[in-house]
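Chemist: Chains A and B, in that order, are what the protein sequence lines are.
Note that this note's numbering numbers the first sequence so that position 49 is 49, with each residue one more than the last.
Note that this note's numbering numbers the second sequence so that position 164 is 164, with each residue one more than the last.
All C-beta atoms, glycine included, are put in the ideal place defined by N, C-alpha and C.
Dumping the structure here so I can ask a few things about it.
Number of protein chains: 2
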Amino acid sequence: MRSRFSPSERTKSLGIPIGRSSDAGPDAITSRDNKWLKMFRAALRGTGPTAGELIGIEGTKLVEEALSSALEVEALLVSETGENQVERILRAAAGSETGIARSRILRTTDKLFAGVAGTEAPQGVAALLRPPDWALDDVLRGRATADGVHRADSALAVVLVGVQDPGNVGTIVRSAEAFGATGAIATRGTADPWSPKAIRASAGSALRLPLLHSMATPVVLAQLKIAGVKVYAASSHVAQPSSESGVGADLCESCAIFIGNEGAGLPSEVLHAADALIAIPMSEAVESLNAGVAASVVLYEAARQRKRASNCE
Amino acid sequence: MRSRFSPSERTKSLGIPIGRSSDAGPDAITSRDNKWLKMFRAALRGTGPTAGELIGIEGTKLVEEALSSALEVEALLVSETGENQVERILRAAAGSETGIARSRILRTTDKLFAGVAGTEAPQGVAALLRPPDWALDDVLRGRATADGVHRADSALAVVLVGVQDPGNVGTIVRSAEAFGATGAIATRGTADPWSPKAIRASAGSALRLPLLHSMATPVVLAQLKIAGVKVYAASSHVAQPSSESGVGADLCESCAIFIGNEGAGLPSEVLHAADALIAIPMSEAVESLNAGVAASVVLYEAARQRKRASNCE
Numbered sequence: 001m002r003s004r005f006s007p008s009e010r011t012k013s014l015g016i017p018i019g020r021s022s023d024a025g026p027d028a029i030t031s032r033d034n035k036w037l038k039m040f041r042a043a044l045r046g047t048g049p050t051a052g053e054l055i056g057i058e059g060t061k062l063v064e065e066a067l068s069s070a071l072e073v074e075a076l077l078v079s080e081t082g083e084n085q086v087e088r089i090l091r092a093a094a095g096s097e098t099g100i101a102r103s104r105i106l107r108t109t110d111k112l113f114a115g116v117a118g119t120e121a122p123q124g125v126a127a128l129l130r131p132p133d134w135a136l137d138d139v140l141r142g143r144a145t146a147d148g149v150h151r152a153d154s155a156l157a158v159v160l161v162g163v164q165d166p167g168n169v170g171t172i173v174r175s176a177e178a179f180g181a182t183g184a185i186a187t188r189g190t191a192d193p194w195s196p197k198a199i200r201a202s203a204g205s206a207l208r209l210p211l212l213h214s215m216a217t218p219v220v221l222a223q224l225k226i227a228g229v230k231v232y233a234a235s236s237h238v239a240q241p242s243s244e245s246g247v248g249a250d251l252c253e254s255c256a257i258f259i260g261n262e263g264a265g266l267p268s269e270v271l272h273a274a275d276a277l278i279a280i281p282m283s284e285a286v287e288s289l290n291a292g293v294a295a296s297v298v299l300y301e302a303a304r305q306r307k308r309a310s311n312c313e
Numbered sequence: 001m002r003s004r005f006s007p008s009e010r011t012k013s014l015g016i017p018i019g020r021s022s023d024a025g026p027d028a029i030t031s032r033d034n035k036w037l038k039m040f041r042a043a044l045r046g047t048g049p050t051a052g053e054l055i056g057i058e059g060t061k062l063v064e065e066a067l068s069s070a071l072e073v074e075a076l077l078v079s080e081t082g083e084n085q086v087e088r089i090l091r092a093a094a095g096s097e098t099g100i101a102r103s104r105i106l107r108t109t110d111k112l113f114a115g116v117a118g119t120e121a122p123q124g125v126a127a128l129l130r131p132p133d134w135a136l137d138d139v140l141r142g143r144a145t146a147d148g149v150h151r152a153d154s155a156l157a158v159v160l161v162g163v164q165d166p167g168n169v170g171t172i173v174r175s176a177e178a179f180g181a182t183g184a185i186a187t188r189g190t191a192d193p194w195s196p197k198a199i200r201a202s203a204g205s206a207l208r209l210p211l212l213h214s215m216a217t218p219v220v221l222a223q224l225k226i227a228g229v230k231v232y233a234a235s236s237h238v239a240q241p242s243s244e245s246g247v248g249a250d251l252c253e254s255c256a257i258f259i260g261n262e263g264a265g266l267p268s269e270v271l272h273a274a275d276a277l278i279a280i281p282m283s284e285a286v287e288s289l290n291a292g293v294a295a296s297v298v299l300y301e302a303a304r305q306r307k308r309a310s311n312c313e
């Protein structure tokens with residue numbers, strides 16, 4: 001595409017000041033009261049979208065991940081600094097199912113961009129995405145391919161109960177995708193996996209992995225029971241003597257692994273409802289693991305057990 | 001012990017203003033120019049101690065961990081809010097090898113404490129510690145018990161090369177202790193495991209696990225070779241197709257697991273010197289794992305292999 005930035009150069013050389021113009025081009029947003037800027041600010045600095053709201057992401061890489069995951073980009077915001085990324089993004093959009101409407105590619109100045117960005121050193125590229133509409137069936141059977149196949153026979157879901165650090169939530173979602181989990185559920189009181197910080201920590205996995213959020217824990221437990229999915233209670237606080245090996249649970253079964261709060265672990269309603277407790281063997285000198293690490297180790301162990309195929313059949 | 005806070009109550013009831021007095025007691029530090037406050041500030045807000053400097057920690061729990069690890073407490077700083085923790089800390093000190101000199105229990109106001117603390121909601125308790133003096137032999141054979149025994153026959157060291165986030169460094173040190181690693185080495189360019197943020201993320205493990213820091217990578221590689229310790233290169237970026245199971249390395253051997261930078265992975269000098277690469281089997285949709293998770297999964301796998309004792313003999 002042709003750069004929309006040359007006009008400002010030209011304007012300067014002619015010495016004619018033009019009201020609306022700026023280094024971000026003549027059509028750029030130059031008022032901080034612009035409704036799009038306000039929407040970007042809310043999304044990029046918020047704690048995740050509530051009903052009807054959009055997901056905010058920053059950075060070329062995440063925008064590309066969103067496009068390749070067929071998420072709908074409602075608007076793309078580009079600053080002067082980010083302008084050189086536009087071509088790359090439009091190429092990704094051209095190859096995607098959803099694309100980006102030209103009229104929704106918005107320009108602004110670096111200064112105004114910094115005023116809406118959620119990161120300290122913004123790259124000058126941000127997007128608003130329509131949240132994907134996952135069902136429990138997706139979370140338990142995995143993301144379907146374009147032709148609707150390749151779903152898992154055996155659920156491997158991770159359920160976050162009161163995990164409060166969005167960095168931990170994102171790390172867990174990233175590990176979940178890496179180790180072949182079918183999906184994730186964040187209960188109420190857990191940091192939103194679609195919050196900007198969690199998406200960043202997930203390195204984009206939160207845009208691909210089937211996810212449900214803001215669910216009430218009793219509802220999750222009931223629906224898993226109906227679906228015949230085993231409930232395993234893991235927690236960074238459930239340790240077992242290091243003399244035993246293995247996590248002490250059959251992770252080949254269709255199961256949901258519950259991960260508790262960083263400080264308090266899992267609530268008693270989950271511990272009571274659980275079919276089994278998962279304990280990570282570790283040294284007695286250590287009280288607990290980082291919540292993201294504990295969840296990831298259990299997911300790694302599940303993947304390991306499932307790959308030794310004979311073990312799972 | 002008797003509270004030193006009653007005088008201020010008494011002073012108030014008599015209505016006599018006394019110059020040096022404050023809610024923190026008559027002997028409290030009330031000047032921000034006090035040399036101890038300056039030392040605490042530098043330690044609690046710094047990136048880790050350089051030669052001759054002290055380690056700064058905050059919170060009752062970490063102070064207790066330091067005492068139970070026989071670290072020397074050079075000074076304890078307590079604010080008005082933290083005063084109710086002093087008795088608990090003195091009990092821990094009484095049961096420790098090193099204790100705390102009464103003259104080094106310093107009081108200050110909540111306001112001045114907040115001005116030196118490195119956390120947003122300080123608990124009002126902080127300490128300066130003399131860094132433990134570990135040798136490479138400790139890192140390779142594990143922390144000795146009080147009577148000098150119980151050292152490991154087979155080294156399991158983790159070597160951090162350019163890991164920049166102190167949270168990741170702390171998480172890895174915590175997992176290293178949890179999964180029975182003998183010690184850890186942080187090369188130059190890695191966040192200091194004794195920085196306040198890393199110690200916090202380690203949940204105290206950085207105060208117990210044998211640790212060397214600020215070492216040059218070629219020196220580490222040479223010393224491990226001399227010691228007959230295998231060099232394994234792991235990285236959040238070295239993935240192998242998820243069809244294979246296991247990390248593809250014999251982790252029962254005396255070995256050092258090298259973990260690379262969050263973005264760039266391991267430098268070529270390490271990849272070239274390595275006896276083997278460690279790859280974590282994972283989905284191709286995911287480019288890499290969080291560095292803390294990658295290291296922890298490899299350490300978990302090492303512990304798992306080593307516990308199946310017959311496997312290691």
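1) According to DSSP, is GLU74 of chain B helix, strand or coil?
2) Could you tell me the alpha carbon to alpha carbon distance between LEU251 of chain A and ASN261 of chain A, rounded to whole angstroms?
3) Rounded to the nearest angstrom, what separates ARG88 of chain B and LEU207 of chain B at their Cα positions?
4) Measuring CA to CA, which of B:ARG143, B:TRP134, B:THR30, B:ARG174 is closest to GLY292 of chain B?
5) Using the Cβ count rule (16 or more neighbours within 10 Å means buried), how would you classify ARG91 of chain A?
6) Tell me whether PRO132 of chain A is buried or exposed, calling it buried when 16 or more other Cβ atoms sit within 10 Å of its Cβ.
7) Can you say whether VAL286 of chain A is buried or exposed, counting buried as having 16 or more other CB atoms within 10 angstroms of its CB?
8) To be precise: take each residue of the segment 140-171 of chain A, compare its Cβ to all Cβ atoms of chain B, and keep it if any distance is under 7 angstroms. Which residues remain?
9) Output the boundary residues of the beta strand (DSSP E) element that contains SER214 of chain A.
10) Secondary structure at ALA66 of chain B, three-state DSSP: helix, strand or coil?
11) Is there at least one Cβ from chain A nearer than 8 angstroms to VAL297 of chain B's Cβ?
12) Are the segment 160-169 of chain A and the segment 180-200 of chain A in contact at 8 angstroms, needing three or more beta carbon pairs?
13) If you compare alpha carbons, which of A:LYS230, A:ARG188, A:GLU53 is closest to SER154 of chain A?
14) Do you know how far the Cα of ASP27 of chain B is from the Cα of ALA201 of chain A?
15) THR109 of chain B and ALA24 of chain B: beta carbons closer than 8 angstroms?
16) Which bits of chain B does PHE179 of chain A rub up against, with CB to CB less than 8 angstroms?
17) Closest to GLN85 of chain A by CA distance: which of A:VAL125, A:ALA176, A:LEU136 is it?
18) Using a Cβ cut-off of 8 angstroms, pull out every chain A residue sitting near GLU314 of chain B, in sequence order please.
19) Could you check whether THR190 of chain A and VAL169 of chain A sit closer than 8 angstroms to each other, using their CB atoms as the reference points?
20) Note down, in chain order, all residues in the segment 204-215 of chain B with a beta-carbon under 8 angstroms from any beta-carbon belonging to chain A.
21) Based on DSSP bridge pairs, tell me the residues matched to LYS230 of chain B.
22) Give the straight-line distance between the Cα atoms of ARG130 of chain B and VAL73 of chain B, rounded to the nearest whole angstrom.
23) Using a Cβ-Cβ cut-off of 8 angstroms, state whether ARG45 of chain A counts as contacting chain B.
24) Under 7 angstroms, CB to CB, which of the residues in the segment 259-277 of chain B have a partner in chain A?
25) Give a yes or no on whether the minimum CB-CB distance between TYR232 of chain B and chain A is below 8 angstroms.
26) How big is the Cα-Cα spacing for ALA43 of chain B and ASP192 of chain B?
27) Would you say GLU287 of chain A lies against chain B (beta-carbon separation less than 8 angstroms)?
28) Which two residues bound the contiguous beta strand (DSSP E) that contains ILE55 of chain A?
29) Starting from ILE89 of chain A, trace the alpha helix (DSSP H) both ways and give me its first and last residue.
30) For GLY183 of chain B, which of helix, strand or coil comes out of DSSP?
31) So which residues on chain A does SER96 of chain B lean against when the C-beta distance must stay under 9 angstroms?
32) If you run the structure through DSSP and keep just helix, strand and coil, what is ILE105 of chain B?
33) Kindly indicate if chain B contains any beta-carbon less than 8 angstroms away from that of VAL293 of chain A.
34) Of all the options B:ALA70, B:SER268, B:SER79, which has the alpha carbon lying nearest to the alpha carbon of ALA94 of chain B?
35) Would you tell me roughly how many angstroms separate the C-alpha atoms of GLY265 of chain A and ARG102 of chain A, rounded to the nearest one?
36) Would you tell me roughly how many angstroms separate the C-alpha atoms of ARG188 of chain A and HIS272 of chain A, rounded to the nearest one?
Modeler: Looking at the coordinates:
1) strand
2) 22 angstroms
3) 19 angstroms
4) Check the Cα spacing between GLY292 of chain B and each of B:ARG143, B:TRP134, B:THR30, B:ARG174: the tightest is with B:ARG174.
5) exposed
6) buried
7) buried
8) THR171
9) 211-215
10) helix
11) Judged by the 8 angstroms Cβ criterion, VAL297 of chain B is in contact with chain A.
12) For the pair of segments examined, the segment 160-169 of chain A was found to touch the segment 180-200 of chain A: the number of CB pairs separated by less than 8 angstroms reaches three.
13) A:LYS230
14) 47 angstroms
15) The beta carbons of THR109 of chain B and ALA24 of chain B sit closer together than 8 angstroms.
16) Going along chain B in sequence order, the residues near PHE179 of chain A (Cβ under 8 angstroms) are MET282, SER283.
17) A:VAL125
18) Only positions 1 to 313 of chain B appear in this structure, which leaves residue 314 of chain B out of reach.
19) yes
20) SER205, ARG208
21) B:CYS255
22) 7 angstroms
23) no
24) none
25) no
26) For ALA43 of chain B and ASP192 of chain B, the distance between alpha carbons rounds to 12 angstroms.
27) Yes - at least one Cβ of chain B is within 8 angstroms of the one on GLU287 of chain A.
28) 55-58
29) 86-94
30) In this structure, GLY183 of chain B counts as strand in the three-state DSSP scheme.
31) Ordered by position in chain A, no residue passes the 9 angstroms Cβ test against SER96 of chain B, which lies about 16 angstroms from the chain.
32) strand
33) The beta carbon of VAL293 of chain A sits closer than 8 angstroms to some beta carbon of chain B.
34) B:ALA70
35) Distance between the alpha carbons of GLY265 of chain A and ARG102 of chain A: 47 angstroms.
36) Answer to the nearest angstrom: the Cα atoms are 19 angstroms apart.
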